[in-house]
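Written below as structure tokens is the structure these notes are about.
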Amino acid sequence: MLQTPSRKQKQIIIIVICSLICLILYLSCVPQSKSLDNTQTTQTKELFKNVDHLHIALKQAYEKIEDLEFKLSRFETTVSKRYPEVKFLNYLRRKRVLITGGAGFVGSHLVDRLMFEGHEVNFELIHHDIVNPLFIEVDEIYHLASPASPPHYMQNPVKTIKTNTVGTINMLGLARRVNAKILIASTSEIYGDPDIHPQPETYWGHVNPIGPRACYDEGKRVAETLTYAYAKQENMQVRVARIFNTFGPRMHMNDGRVVSNFILQALKGEVITVYGSGEQTRSFQYVSDLVDGLIALMNSNYSQPVNLGNPVEHTINEFATIIKELVDDRSKISHLAEVEDDPQRRRPDITRAKTYLNWEPKVPLNVGLQKTVDYFKKELQRFNYSRAKDIPEVRL
Numbered sequence: 018m019l020q021t022p023s024r025k026q027k028q029i030i031i032i033v034i035c036s037l038i039c040l041i042l043y044l045s046c047v048p049q050s051k052s053l054d055n056t057q058t059t060q061t062k063e064l065f066k067n068v069d070h071l072h073i074a075l076k077q078a079y080e081k082i083e084d085l086e087f088k089l090s091r092f093e094t095t096v097s098k099r100y101p102e103v104k105f106l107n108y109l110r111r112k113r114v115l116i117t118g119g120a121g122f123v124g125s126h127l128v129d130r131l132m133f134e135g136h137e138v139n140f141e142l143i144h145h146d147i148v149n150p151l152f153i154e155v156d157e158i159y160h161l162a163s164p165a166s167p168p169h170y171m172q173n174p175v176k177t178i179k180t181n182t183v184g185t186i187n188m189l190g191l192a193r194r195v196n197a198k199i200l201i202a203s204t205s206e207i208y209g210d211p212d213i214h215p216q217p218e219t220y221w222g223h224v225n226p227i228g229p230r231a232c233y234d235e236g237k238r239v240a241e242t243l244t245y246a247y248a249k250q251e252n253m254q255v256r257v258a259r260i261f262n263t264f265g266p267r268m269h270m271n272d273g274r275v276v277s278n279f280i281l282q283a284l285k286g287e288v289i290t291v292y293g294s295g296e297q298t299r300s301f302q303y304v305s306d307l308v309d310g311l312i313a314l315m316n317s318n319y320s321q322p323v324n325l326g327n328p329v330e331h332t333i334n335e336f337a338t339i340i341k342e343l344v345d346d347r348s349k350i351s352h353l354a355e356v357e358d359d360p361q362r363r364r365p366d367i368t369r370a371k372t373y374l375n376w377e378p379k380v381p382l383n384v385g386l387q388k389t390v391d392y393f394k395k396e397l398q399r400f401n402y403s404r405a406k407d408i409p410e411v412r413l
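Throughout, the working numbering is defined as the position within the sequence shown, counted from one, plus 17.
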């Protein structure tokens with residue numbers, strides 16, 4: 018990426034140009050004697066004869082320098098800055114923050130936001146398995162590390178359980194050692210296939226403990242249990258966010274969940290596949306709204322679990338139709354066999370978030386989907402998919 022020249026760089030350029038011009042003028046003014054018989058007097062006379070020419074040349078040089086400065090100033094306005102401005106926080110307000118899963122979908126957006134706000138995010142991109150202890154000095158911990166899509170967490174269920182239990186113990190242990198505030202990213206999956214609708218935080222859930230989704234559902238339930246056990250026993254500051262369906266740029270293309278599946282299938286001109294009848298419901302929030310909620314929860318004095326999700330509910334069939342109309346109206350929708358233990362209804366009660374965090378989603382569904390579609394379209398083109406050149410224009 019091009020960088021804007023600094024003032025010091027411009028000064029160096031101007032000095033070099035002036036030096037070259039003066040050298041050329043001097044050499045042109047001093048006659049090259051062909052014999053040693055030329056006297057100093059003759060050389061002096063010749064030099065004074067060219068004084069007027071020297072003044073004229075210097076004037077032209079200054080005009081060229083002014084023209085160069087003008088062009089550089091125009092160049093500065095056309096070249097975008099490499100880094101956006103970051104808010105300055107003094108040492109009293111600036112936090113040292115650890116984000117586990119900071120390279121993931123939600124974590125990367127959270128890293129961006131905290132860095133823009135002036136905090137010191139532990140961004141060495143530590144390649145570390147949180148199943149093993151970690152020893153660093155921090156003020157706040159956002160514990161997001163865990164696979165979240167069913168195909169990913171079902172691929173290695175034992176590892177998923179260990180990440181959400183042993184990994185959580187390690188992060189809670191770190192928070193206890195350094196006296197840091199910790200936020201645990203829980204999930205709406207702890208409610209299982211709910212028989213209360215919408216789901217408030219007081220609902221205990223309806224989970225199959227031995228089903229294919231149990232490694233994630235029960236892993237997160239144990240993570241919450243561990244969090245509050247540590248809070249009571251060690252007098253720690255803890256926060257728990259129960260995150261509902263979230264979408265946006267930086268989602269993995271092979272994420273395997275509704276939003277990414279439907280968008281990619283529509284962009285590639287494939288059939289949009291719906292599992293089951295499509296009458297099961299979900300609530301979708303844009304990633305920037307979730308990041309707002311996570312930061313608001315961390316900064317609050319509220320320690321009980323809080324739902325972070327969009328209370329606007331859609332059936333999967335409705336959502337497939339929205340994607341179809343947004344991306345390519347020619348796409349067809351087909352239904353496949355229902356997935357085992359797939360929740361039939363999912364919608365958060367966000368009364369707590371509104372009351373204690375003054376938070377609720379702000380980004381309209383179509384606006385968020387437009388940004389997500391644009392992102393996936395670029396990803397398809399970047400990876401040179403065979404159908405990339407045939408991707409239809411996106412429209413609202």
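Glycine is no exception: its CB is placed at the ideal position from the N, C-alpha and C atoms. Just so you know, these numbers come straight off a predicted model, no measurement behind them.
Minimum C-alpha distance to residue i - residue among the options
i	options	result
Phe-105	Leu-386, Gly-135 and Leu-115	Gly-135
Pro-322	Pro-365, Ser-300, Leu-343 and Val-155	Pro-365
Arg-363	Met-253, Lys-237 and Asp-210	Asp-210
Asp-234	Ala-248, Ile-260 and Ile-213	Ile-260
Asn-271	Tyr-247, Glu-396, Ile-153 and Ile-82	Glu-396
Gly-228	Gln-387, Ile-186, Pro-167 and Glu-335	Pro-167
Asn-187	Ile-339, Asp-345 and Asp-146	Asp-146
Ile-367	Gln-216, Tyr-79 and Phe-87	Gln-216
Arg-238	Ser-348, Tyr-208 and Lys-341	Tyr-208
Met-171	Glu-154, Glu-251 and Gly-273	Gly-273
Gln-387	Ser-348, Ile-339, Arg-347 and Asn-262	Ile-339
Val-257	Ile-213, Val-288 and Leu-189	Leu-189
Val-195	Ile-153, Ile-82, Glu-86 and Tyr-245	Ile-153
Val-288	Leu-85, Glu-83 and Asp-346	Asp-346
Cys-431	Gln-77, Val-380, Lys-176 and Glu-335	Residue 431 lies beyond the stretch modelled for the chain, which goes from 18 to 413, so this question has no answer here.
Pro-378	Phe-133, Asn-262 and Gln-77	Asn-262
Proximity of residue i and residue j at Cβ, strictly below 7 Å
i	j	result
Ser-351	Thr-290	yes
Gly-326	Gln-361	no
Glu-157	Ala-202	no
Gly-310	Trp-221	no
Val-123	Leu-151	no
Ile-178	Gly-236	yes
His-126	Val-304	yes
Ser-163	Asn-181	yes
Tyr-319	Tyr-247	no
Val-114	Leu-131	yes
Met-268	Arg-193	no
Tyr-392	Pro-226	no
Gly-119	Val-128	yes
Glu-251	Asn-324	no
Inter-residue Cα distance where the pair is residue i and residue j
i	j	result
Glu-355	Gly-295	9 Å
Tyr-159	His-169	21 Å
Pro-101	Arg-110	21 Å
Val-276	Pro-174	23 Å
Leu-382	Ala-165	21 Å
Ile-32	Leu-75	13 Å
Glu-137	Gly-385	28 Å
Asn-107	Arg-230	45 Å
Ala-405	Ala-337	No answer about Ala-405 holds up, because its pLDDT of 42 lies below 50 and its placement is not dependable.
Phe-264	Leu-307	10 Å
Gly-293	Ile-333	9 Å
Gly-286	Asp-359	26 Å
Ala-370	Ala-240	21 Å
Ile-149	Thr-185	It is Asn, not Ile, that sits at residue 149 in the sequence shown. Cα-Cα distance, rounded: 10 Å.
Arg-399	Leu-243	42 Å
Lys-394	Ile-116	28 Å
Leu-353	Val-344	22 Å
Leu-89	Tyr-79	15 Å
Thr-298	Val-224	17 Å
Lys-341	Val-183	42 Å
Val-329	Glu-357	25 Å
His-72	Lys-112	60 Å
His-331	Arg-91	50 Å
Val-155	Leu-191	9 Å
Glu-86	Asn-278	52 Å
Residue range of the beta strand (DSSP E) that includes residue i
i	result
His-352	350 to 353
Thr-117	113 to 117
Val-155	Careful: Val-155 lies outside any beta strand (DSSP E) and carries neither H nor E.
Lys-285	No beta strand (DSSP E) contains Lys-285, which DSSP labels as neither H nor E.
Residue range of the alpha helix (DSSP H) that includes residue i
i	result
Ala-429	Outside the shown range of the chain, which is 18 to 413, sits residue 429, and nothing can be said about it.
Tyr-170	167 to 172
Asn-383	382 to 399
Arg-130	122 to 133
Proximity test, residue i beta-carbon vs the ligand HEM heavy atom, cut-off 6 Å
i	result
Gly-190	The ligand HEM is not among the ligands present in this structure, which contains no ligands whatsoever.
(request) Determine contact between the region 279 to 287 and the region 313 to 326, defined as no fewer than three beta-carbon pairs at a distance below 8 Å. (result) They do not touch, by the three-pair rule.
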